[in-house]
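Trainee: Under the numbering used here, the first residue of the sequence shown is numbered 6, with each subsequent residue one higher. Idealized CB from N, CA, C, for every residue including glycine.
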Amino acid sequence: MKNNVALEEAQDLLLSVAQPAQECEIPLFDAVGRVLSREIRAPIHLPPFDKSPLDGYAVRALDTERATAAQPVILEVIEEVAAGHTAGKKITPGTAIKVMTGSPIPAGADAVIKYEDVKRTGKLCKLFTPLRPGNNIILAGEDVKKGEAVAGRGTLVSPALVGLIGALGYAEAAVFNKVKIAVISTGDELVDCSQKLQPGKIYNSNLPSLVAACLKLGAQITALGNVPDELESIADIVALGLADADIVITTGGVSVGDYDVVPDALARLGVYIIYRGVDMKPGSPVVAGTKDGKFIICLSGNPAAALITFELIAVPLIKKKMGLVNYLPARVGAVMSDGFAKPSPQRRFLRGRFHVSEEGKNYVDLTGEQSNGVLKSLVNCNAYIDVPAGSGRIAAGQDVSVLIVGDVFAR
Ligand code: AMP
Ligand code: MG
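#1: Report buried or exposed for Asn307, applying the criterion of at least 16 other Cβ atoms within 10 angstroms of its Cβ.
#2: So Lys131 is in the beta strand (DSSP E); what residue range does that whole segment cover?
#3: With distances taken from CA atoms, which of Ile79, Ala101, Lys150, Asn140 is nearest Pro48?
#4: So does Val337 have its beta carbon nearer than 7 angstroms to some heavy atom of the ligand AMP?
#5: DSSP three-state label for Phe359, please.
#6: Look at the alpha carbon of Met208 and the alpha carbon of Glu316, and state the distance between them as a whole number of angstroms.
#7: Which residues bound the beta strand (DSSP E) around Thr295?
#8: Ala187 by DSSP, collapsed to three states: which one?
#9: Any heavy atom of the ligand AMP closer than 7 angstroms to the CB of Leu195?
#10: State the Cα-Cα distance for the pair Asp429 and Ser57, rounded to the nearest angstrom.
#11: Determine whether the beta carbon atoms of Gly113 and Arg46 lie at a separation below 8 angstroms.
#12: Measuring from the CB of Ile207, is there a heavy atom of the ligand AMP at a distance below 7 angstroms?
#13: Am I right that Ile313 and Gly294 are in contact with their C-beta atoms under 8 angstroms? What's the rounded C-beta distance?
#14: Would you kindly work out how many angstroms separate the C-alpha atoms of Val162 and Tyr120, rounded to a whole number?
#15: For Gln375, which residues in the same chain have their Cβ closer than 7 angstroms to its Cβ, ignoring the five residues on either side in sequence?
#16: Taking the C-alpha atoms as reference points, what is the distance between Leu67 and Asn140?
#17: Just the Cα atoms here: how many angstroms apart are Ile31 and Gly171?
#18: Cβ-heavy atom distance between Gly230 and the ligand MG below 7 angstroms?
#19: Between Asp234 and the ligand MG, is there a pair consisting of the residue's CB and a ligand heavy atom that are separated by less than 7 angstroms?
#20: Which same chain residues end up closer than 6 angstroms to Gly223 when comparing Cβ atoms and leaving out the 5 residues on each side of it in sequence?
#21: Counting Cβ pairs closer than 8 angstroms, one from the region 146 to 160 and one from the region 95 to 114, do we hit at least three?
#22: Under 8 angstroms, with one C-beta from each stretch per pair, do the region 235 to 249 and the region 331 to 339 reach the 3-pair mark?
#23: Is Tyr264 a contact residue of the ligand MG, with contact defined as CB to any heavy atom under 7 angstroms?
#24: Beta carbon of Ser289: closer than 7 angstroms to some heavy atom of the ligand AMP?
#25: Strictly by DSSP, which residues pair up with Tyr208?
#26: Report the rounded CA-to-CA distance for Asn331 versus Arg158, giving the unit in angstroms.
#27: Please find out if some non-hydrogen atom of the ligand MG comes closer than 7 angstroms to the beta-carbon of Gly378.
#28: At what residue ranges does the region 85 to 131 contain a whole run of the beta strand (DSSP E), taking only runs of 3 or more?
#29: What do you reckon, is the C-beta of Pro308 under 7 angstroms from a heavy atom of the ligand AMP?
#30: Put Ala272 into one of helix, strand or coil per three-state DSSP.
#31: Taking only heavy atoms of the ligand MG into account, decide whether any of them is closer than 7 angstroms to the Cβ of Gly258.
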């Protein structure tokens, strides 16, 4: 077991042993938000055939060579092809076939003229300008070539990718299984938000916030509820979580108080403790362990500390298990809009809102009170300001480094 590790080591000790979840095939319609477990290669060209991008007439460019406003070329319209159908006839010299947007280009044609640029009378059409071969033709494979890799293993499936996979004719997608996470809160003082608040008690906010954070990642959640600060009860519920989940997350009871019995409960279960304590504020009393290839991460009960350490330590692990290849938050430079008066003997993460000015400059505003228990300043937070250990007060206008943890452009 290691003690008081740096955040990067805390992440790495878990990531270096975590493997992505098992793979499965699911219906394409369910694939959005999941992660591809296999590269997708195109079995066909996209589009599969040369097609018309507009309503018009398919012709031979050669036939139109001498067309002018004064001396139009006259062609005979021999057929009409709607989208979804193919022409029965071939274009021969002096003929044209009417086509619609998406119609396959009839054999013998090498250009399409817009409907509006043609004067049609009965079976004949007049063209007033010459066309070049290839005019107004979408070539087969213009979007995707047969055999091309369109998305790699580890890609998060977006609606556009679902569309592309469907366009290639796949009704299913190979993805990683959802990560199963059990969430447990511990503490005698906690009351479920559906109950009446009694003297000395507080509502449980970590269980709902962490379940929400896991759901947002697309995990499969079991909210095992709250247990009192008793070694037996905690050991029982953690064992229940480990029986089914890939990752068990607990909050509370990991500090050094008389009732902080979570580490003892883990020892009772034979969990191997990877580390105890992470050198950061808030949330330093994190315990991470493993048993039978499963992970258990025990977070401080302080609501902000719990969510911040969840984001920085549990989320990268969950993302790796989801099969993602980018699992660490992006780091960018920004200018502090506000000052922060307290010195930081220990590395500190401040809750901030990152934004880009109209001039393209990165700024970060503090979102409010920064103490361990304060949840309100996390509500609008999309970035953590990474303040190195040993820093003095931070002045407005100072350059800082931030980790992006939320939507930067959401309003
Ligand atoms: P602990 O980590 O158990 O020492 O708890 C630290 C602080 O967080 C205490 O003030 C607890 O009352 C509070 N706390 C612990 N768990 C929760 C929770 N699930 N929801 C809200 N506050 C909590
Ligand atoms: Mg407690």
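Mentor: With the structure as the only source:
#1: Within a 10 Å sphere around the beta-carbon of Asn307 sit 16 or more other beta-carbons, which makes this residue buried.
#2: Here the beta strand (DSSP E) through Lys131 covers 129 to 132.
#3: In terms of CA proximity to Pro48, Lys150 leads the group Ile79, Ala101, Lys150, Asn140.
#4: For Val337, the distance from the CB to the nearest heavy atom of the ligand AMP is not below 7 angstroms.
#5: Strand at Phe359.
#6: The sequence shown places Tyr at residue 208, not Met. Annotation: Tyr208 to Glu316 spans about 22 angstroms, alpha carbon to alpha carbon.
#7: Per DSSP, Thr295 belongs to the beta strand (DSSP E) from 292 to 296.
#8: Correct three-state label for Ala187: strand.
#9: With a cut-off of 7 angstroms, the C-beta of Leu195 is classified as near the ligand AMP, since at least one heavy atom of the ligand falls inside that distance.
#10: Because the chain is modelled from 6 through 416, residue 429 falls outside the range shown and cannot be assessed.
#11: No. Outside cutoff.
#12: Short note on Ile207: C-beta closer than 7 angstroms to some heavy atom of the ligand AMP.
#13: Cβ-Cβ separation between Ile313 and Gly294: approximately 20 angstroms, too far for a contact (criterion under 8 angstroms).
#14: Each residue's alpha carbon lies about 39 angstroms from the other.
#15: Answer for Gln375: Leu355, Arg356, Ser382, listed in chain order.
#16: The alpha-carbon atoms of Leu67 and Asn140 are separated by roughly 12 angstroms.
#17: Taking the straight line from one Cα to the other gives about 13 angstroms.
#18: Result no, Cβ not under 7 angstroms from the ligand MG.
#19: For the ligand MG, at least one heavy atom lies less than 7 angstroms from the Cβ of Asp234.
#20: The beta carbon of Gly223 sits closer than 6 angstroms to those of Gly38, all from its chain and outside the five residues before and after it, given in chain order.
#21: Taking one beta carbon from each stretch, the region 146 to 160 and the region 95 to 114 have fewer than 3 pairs nearer than 8 angstroms; the two do not touch.
#22: With a cut-off of 8 angstroms, the region 331 to 339 and the region 235 to 249 do not count as touching, because too few Cβ pairs lie within range.
#23: Tyr264 Cβ: within cutoff of the ligand MG.
#24: Flag unset: Cβ of Ser289 not near the ligand AMP.
#25: Tyr208 pairs with Val196.
#26: Straight across, the Cα-Cα distance linking Asn331 with Arg158 is about 12 angstroms.
#27: For Gly378, the shortest C-beta to heavy atom distance toward the ligand MG is 7 angstroms or greater.
#28: Complete beta strand (DSSP E) runs here, min 3: 100 to 104, 116 to 119, 123 to 126.
#29: Flag set: Cβ of Pro308 near the ligand AMP.
#30: Ala272 falls in the helix class under three-state DSSP.
#31: Distances taken from the Cβ of Gly258 to the heavy atoms of the ligand MG include one shorter than 7 angstroms.
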